[in-house]
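Contents: one structure, followed by commentary.
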Amino acid sequence: MNVKYLCPFCRSEINPNQNIILSTKTKHNHVGLVLLHEEMGNYSVIVSPSLKIEMGEVVEFFCPVCHESLNTEKGEHFATYIRVDDKNKESNIIISRKHGEECTYKIDETKKVESYGEYAKKYRNPEWFLFKE
Ligand SMILES: [Zn+2]
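The letter at position 112 of the sequence shown is residue 112 when you use the working numbering, and the numbering goes up by one with no holes.
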């Protein structure tokens, strides 16, 4: 399946192969790259070997191209980017920035929410990510 992931700011493709590449900063200000699998619900993660992230630590995610912060405005530890499927349909992806907290939400233009990961039930109403008050 030919899926593209885009930065919501510069709309650069952030998955040149099957991995989504994000620039990361830890709470100790260590920086590096994190690669997430493009398949929804696949939580194999590749982290730069020099980057030490503790279990449960909340990291910052940035676009690797324009360096804008991908943090959501609401919610304490989530990040967002765009997914374009093989039929050219766009949806918003919400992921947790907490290391080890496996949850992903996919929200399409009709506000339909699909959730993935063990922790997804913890946050019952992810639709509020879409709106600014
Ligand atoms: Zn960008």
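We put the CB at the ideal spot given by N, CA and C, even for glycine. Since we're looking at a predicted model, the values are computed, not measured.
| With 16 other Cβ atoms within 10 Å as the buried cut-off, status of T24 | buried
| In terms of residues, what are the limits of the beta strand (DSSP E) holding F78? | 78-84
| message | For the beta strand (DSSP E) containing N92, name the first residue and the last one. | response | 90-96
| Which residues in the same chain as V31 place their Cβ atom closer than 8 Å to its Cβ, once the five residues preceding and following it in sequence are excluded? | Same-chain partners within the cutoff: S23, T24, K25, L51.
| field | Three-state secondary structure (DSSP) of K111 | value | coil
| said: Give me, in chain order, the residues of the same chain whose beta-carbon lies closer than 7 Å to that of T110; leave out the 5 immediate sequence neighbours on both sides. | reply: none
| field | Opening and closing residue of the beta strand (DSSP E) in which N19 lies | value | 19-25
| How about H99 and E57: are their beta carbons less than 9 Å apart? | E57 is positioned such that its CB atom lies closer than 9 Å to that of H99.
| task | Mark I21 as exposed unless 16 or more other C-beta atoms lie within 10 angstroms of its C-beta, in which case mark it buried. | result | Counting the other CB atoms within 10 Å of its CB gives I21 a total of 16 or more, which places it among the buried residues.
| Does the beta-carbon distance from P64 to I95 come in below 9 Å? | no
| message | Tell me the residue span of the beta strand (DSSP E) that contains K52. | response | No beta strand (DSSP E) holds K52; DSSP gives it neither H nor E.
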